[in-house]
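Asks: Quick mapping for you: the protein sequence lines, in order, are chains A and B.
As numbered in my numbering, residues 667 to 888 make up the first sequence, in order.
As numbered in my numbering, residues 336 to 572 make up the second sequence, in order.
Each residue gets a CB set at the ideal place from its N, CA and C atoms; glycine is no exception.
Quick one: the structure is below, and I'll ask about it shortly.
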Amino acid sequence: MDLDPLLLSFEVATIATLLAAVIGIAVAALLANYRFPGRDLVDVVFTAPMVMPPTVLGYYVLVVLGRRSVLGHAFESLTGTSIVFTVTGAVVAATIGALPLVVKSVRAALEQTDPTLMLAARTLGATKLRAFFTVQVPLATRGIAAALMLAFARAVGDFGVTLMVAGDIPGKTRTASLAIYGAIQAQREREATLMVVILTVTVLALLYAVGKLTARREPDDR
Amino acid sequence: MSTDDKLSVHIVLATRSFTLDVAFEVQPGVTVLFGPSGSGKSRTLGCIAGIVRPDRGRISLGSDVWFDDAGPVELPIHRRRVAYVFQSLALFPHMTAEENVSYGIGRSIPKAERRATAHDMLARMRVGHLADRKPHTFSGGEAQRVALARAFAMKPRALLLDEPFSALDAGVKLELLAEVGEWLAREHIPALLVTHHAEEASALGDQVVMLEKGRVVREAAIDDPTLSLPKIRAAAK
């Protein structure tokens, strides 16, 4: 039995989670700590992938990152490979799915920090950035960890955008979700079952851990 | 550090219920901001620290201007070196007492030296034994001492105390007030104490600025016999 799609899914989800972490935490920090024109718009844009049809999202990715787009062309001349219809495309697709979860959960975690603690840090000579990294982030570590687990759980199973952007190229961009679909279409149900079980267990385990991490704590737990 | 710099404050700030419009000076020593709740005391402290931005006015320490709408000058919070002891104390819950105290010590100083200074300050505030413990294990009085140690260790140019003693019982409070007074006498920097309590005012204060609905209604020396506040008079030294 071919387990490559599963391995590919985990690989793609890992990189996507890291990407979503970097982008998502930065955006969450902006939304949590700054009031600026267009703030609500940024919030909407980063929430949209949760509810937008995957085909629509995929269409936008193809327009923005396709081989004939400025970004896609630049990427291709730098790396020699295109973004779309490669593993890179699958990573982009999974990142888009994971980003809203990171932005939402990390923002909520950051906003829970007592603002007086941040002000205390500032009066003690800390720049905004230092106060963020030494006070706000450490106090939100559980929430951030939970957010990244959710992100991974979401990224590992992306289907629609991946299909639009990366295609379903066996041995190249065929992730577990795509392989399950293919196996069912070809009536190879046994092949699908194993991947279904492994994905299910992974996601449930992650969700369980997220629940544990974000459960209310006793005040002296820290 | 004894620079004899005085803190000059002129703040105009419209709030929802009234317009804060105050002007006064804080000499080295302790000036008590006295007034009913909602009279603008905490907001005044916030403006001085740089946390709240006044609509108009000028705030300066000695020859250094921290805020001036005409300038315009607005020095960010972290560059004012104003120690602010919050009512909630705002100790960092994820740091030990020592880490809390060294947080405000200049980062140009080597780490070992920062640690030593923090230990020193904790010992001077008689909470040296708490150095490696985190705030959730402290009693109310201990937390207060650590918070003061943190404020002192940063070598502030001015000290703002926003009712930090209100949760303490009388015995502990008097002891602590005496220590704060001693430290201030040595450092010779301007300090502003917000309090509702006449005994705190008279134990620590040199001057009183009385606020009412955002205005200064009276400025006087704490031992001024004409000071007409019965609460303060009753407890005066």
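(1) Quick one: which unbroken beta strand (DSSP E) runs of 3-plus residues sit fully inside the stretch 486 to 555 of chain B? Chain order, please.
(2) B:A349: buried (16+ other C-beta within 10 angstroms of its C-beta) or exposed?
(3) If the criterion is Cβ atoms closer than 9 angstroms, does the pair B:E535 and B:V367 meet it?
(4) By how many angstroms is the C-alpha of A:T752 removed from the C-alpha of A:H739?
(5) Does the contact criterion of 3 or more C-beta pairs under 8 angstroms hold for the stretch 447 to 467 of chain B versus the stretch 421 to 438 of chain B?
(6) By the three-class DSSP mapping on this structure, what secondary structure does A:L790 have?
(7) Taking Cβ-Cβ distances shorter than 8 angstroms, what residues in chain A pair up with B:R416?
(8) Which residues in the same chain have their Cβ closer than 7 angstroms to the Cβ of B:L539, if we skip the five residues on either side of it in sequence?
(9) Is the beta carbon of B:L494 closer than 9 angstroms to that of B:A486?
(10) Is any beta-carbon of chain A found at less than 9 angstroms from that of B:G441?
(11) Could you tell me which whole alpha helix (DSSP H) segments of length 4 or greater appear in the stretch 776 to 843 of chain A?
(12) Short check: CB of A:L816 to CB of A:L870, under 9 angstroms?
(13) Kindly say whether A:A881, judged by its beta-carbon, lies nearer than 9 angstroms to any beta-carbon of chain B.
(14) Which residues of the stretch 498 to 522 of chain B have a Cβ closer than 8 angstroms to any Cβ of chain A? Give them in chain order.
(15) Have a look at A:R808, A:V730 and A:F799 and flag the residue whose alpha-carbon is nearest the alpha-carbon of A:V831.
(16) Is B:M336 close to chain A? Criterion is C-beta to C-beta, closer than 9 angstroms.
(17) Pull up the DSSP beta-bridge partners for B:V400, would you.
(18) In the DSSP assignment, find the alpha helix (DSSP H) that holds B:A447 and state where it starts and stops.
(19) Show which residues of chain A have a CB atom less than 8 angstroms away from the CB atom of B:I412.
(20) How big is the Cα-Cα spacing for A:T807 and A:I691?
(21) Mapping DSSP to helix, strand and coil, what is B:H464?
(22) Is B:F369 buried or exposed, if buried means 16 or more other CB atoms sit within 10 Å of its CB?
(23) Are the stretch 759 to 775 of chain A and the stretch 670 to 687 of chain A in contact at 8 angstroms, needing three or more beta carbon pairs?
(24) With 9 angstroms set as the bound, which would you pick, yes or no: does the beta-carbon of A:R888 sit closer than that to a beta-carbon of chain B?
(25) Would you please verify whether the beta carbon of A:V801 is less than 9 angstroms from any beta carbon of chain B?
(26) Give me the Cβ distance between A:L723 and A:V862, rounded to the nearest whole Å; I'm assuming they're in contact under 8 angstroms.
(27) Excluding five sequence neighbours on each side, which residues of the same chain lie with their C-beta closer than 7 angstroms to the C-beta of A:L737?
(28) Throw me the rounded Cβ distance for the A:L697 and A:R788 pair, which I believe falls under 8 angstroms.
(29) For chain B, is any of its Cβ atoms less than 9 angstroms away from the one on A:L805?
(30) Which residues of the stretch 753 to 765 of chain A have a Cβ closer than 9 angstroms to any Cβ of chain B? Give them in chain order.
(31) Please tell me whether B:R416 and B:K490 are closer than 9 angstroms, where the distance is taken between their beta carbons.
(32) Any Cβ of chain A within less than 9 angstroms of the Cβ of B:V453?
(33) Once you ignore the five residues that flank A:D709 on each side, which residues in its own chain have a CB closer than 7 angstroms to its CB?
(34) When you compare the CB positions of B:L424 and B:I383, do they come within less than 9 angstroms of one another, or not?
(35) Residues in the same chain with beta-carbon distance under 7 angstroms from A:I846, minus the five sequence neighbours each way, listed in chain order, please.
(36) Can you give, in chain order, each stretch of the alpha helix (DSSP H) that sits fully within the stretch 730 to 772 of chain A and has at least 4 residues?
Replies: From the atom records:
(1) 493 to 497, 525 to 530 and 542 to 547
(2) Position 14 of the second sequence, counted from the first residue, corresponds to residue 349 of chain B. Exposed, by the Cβ-count rule.
(3) Counting from one through the second sequence, the residue named residue 535 of chain B turns up at place 200. Counting from one through the second sequence, the residue named residue 367 of chain B turns up at place 32. A Cβ-Cβ contact shorter than 9 angstroms links B:E535 with B:V367.
(4) Indexing the first sequence from 1 puts residue 739 of chain A at position 73. Indexing the first sequence from 1 puts residue 752 of chain A at position 86. Using only the alpha carbons, I get a separation of about 14 angstroms.
(5) Contact holds: three or more Cβ-Cβ distances are below 8 angstroms.
(6) Counting from 1 along the first sequence, the entry for residue 790 of chain A is found at position 124. Note: A:L790 maps to coil in three-state DSSP.
(7) As a first step, residue 416 of chain B must be located in the second sequence, where it is residue number 81. In chain order: G791.
(8) For the purposes of this step, residue 539 of chain B is taken as the residue at position 204 of the second sequence. Result list for B:L539: V365, L512, V515, G516 and L528, in chain order.
(9) The residue labelled residue 486 of chain B in the question sits at position 151 within the second sequence. The residue labelled residue 494 of chain B in the question sits at position 159 within the second sequence. Yes. Within cutoff.
(10) Here the question's residue 441 of chain B lines up with position 106 in the second sequence. True, the Cβ-Cβ gap to chain A drops below 9 angstroms.
(11) 781 to 789, 794 to 797, 807 to 821 and 826 to 832
(12) As a first step, residue 816 of chain A is located in the first sequence; it is residue number 150 there, counting from the start. As a first step, residue 870 of chain A is located in the first sequence; it is residue number 204 there, counting from the start. No, Cβ-Cβ distance for A:L816 and A:L870 is not below 9 angstroms.
(13) Here the question's residue 881 of chain A lines up with position 215 in the first sequence. No, its Cβ sits nowhere closer than 9 angstroms to a Cβ of chain B.
(14) none
(15) Position 165 of the first sequence holds residue 831 of chain A. Of the listed residues, the one whose Cα sits closest to A:V831 is A:V730.
(16) Taking the second sequence and counting its residues from 1, the one referred to as residue 336 of chain B is at position 1. At B:M336 the pLDDT is 43, less than 50, meaning the model places this residue with poor confidence; the figure from the coordinates comes in the next sentence. No - not a single Cβ of chain A is within 9 angstroms of the one on B:M336.
(17) Residue numbering aside, residue 400 of chain B sits at position 65 when the second sequence is read from its first letter. For B:V400, which the question treats as bridged, DSSP gives the partners B:S395.
(18) Taking the second sequence and counting its residues from 1, the one referred to as residue 447 of chain B is at position 112. Where B:A447 is concerned, the enclosing alpha helix (DSSP H) stretches over K446 to R459.
(19) The sequence position of residue 412 of chain B within the second sequence is 77, counting from 1. Correct list: L785, R788 and T789.
(20) Along the first sequence, one-based indexing puts residue 807 of chain A at 141. Along the first sequence, one-based indexing puts residue 691 of chain A at 25. For A:T807 and A:I691, the distance between alpha carbons rounds to 12 angstroms.
(21) The residue labelled residue 464 of chain B in the question sits at position 129 within the second sequence. Looking at B:H464 - three-state DSSP - the assignment turns out to be helix.
(22) Here residue 369 of chain B refers to the residue found at position 34 when the second sequence is read from its first residue. It is buried - the Cβ of B:F369 has at least 16 other Cβ atoms within 10 Å.
(23) yes
(24) Sequence index remark: in the first sequence, residue 888 of chain A carries index 222 (1-based). Summary for A:R888: the model assigns pLDDT 44, below 50, so the residue's position carries little reliability; its value from the coordinates is reported in the next sentence. So yes, A:R888 belongs to the interface.
(25) Along the first sequence, read from residue 1 onward, the residue named residue 801 of chain A stands at position 135. At least one chain B Cβ lies under 9 angstroms of A:V801.
(26) The sequence position of residue 723 of chain A within the first sequence is 57, counting from 1. The sequence position of residue 862 of chain A within the first sequence is 196, counting from 1. Going by Cβ atoms, the distance from A:L723 to A:V862 rounds to 24 angstroms, so no, they are not a contact pair.
(27) Along the first sequence, one-based indexing puts residue 737 of chain A at 71. Within the same chain, A:L737 has close Cβ partners V730 and L731.
(28) Numbered from 1 along the first sequence, position 31 holds the residue referred to as residue 697 of chain A. Numbered from 1 along the first sequence, position 122 holds the residue referred to as residue 788 of chain A. About 20 angstroms; that fails the 8 angstroms criterion.
(29) Numbered from its first residue, the first sequence carries residue 805 of chain A at position 139. So yes, A:L805 belongs to the interface.
(30) Of all residues in the stretch 753 to 765 of chain A, none has a Cβ within less than 9 angstroms of some Cβ in chain B.
(31) The residue given as residue 416 of chain B occupies position 81 in the second sequence. The residue given as residue 490 of chain B occupies position 155 in the second sequence. Yes.
(32) In the second sequence, the residue the question calls residue 453 of chain B occupies position 118. Before going on, a small fix: residue 453 of chain B reads as Ala here, not Val. No - not a single Cβ of chain A is within 9 angstroms of the one on B:A453.
(33) Here residue 709 of chain A corresponds to residue number 43 of the first sequence, with the count starting at 1. Once the five neighbours on either side are set aside, the close Cβ partners of A:D709 are L697.
(34) Along the second sequence, read from residue 1 onward, the residue named residue 424 of chain B stands at position 89. Along the second sequence, read from residue 1 onward, the residue named residue 383 of chain B stands at position 48. Cβ distance not < 9 angstroms, so B:L424 and B:I383 don't count as in contact.
(35) Locating residue 846 of chain A in the first sequence gives position 180, where the first residue counts as 1. Counting only Cβ-Cβ distances below 7 angstroms, and skipping sequence neighbours, we find A858, M861 and V862.
(36) Every unbroken stretch of the alpha helix (DSSP H) spanning 4 or more residues and falling wholly within the stretch 730 to 772 of chain A is given here in chain order: 736 to 745.
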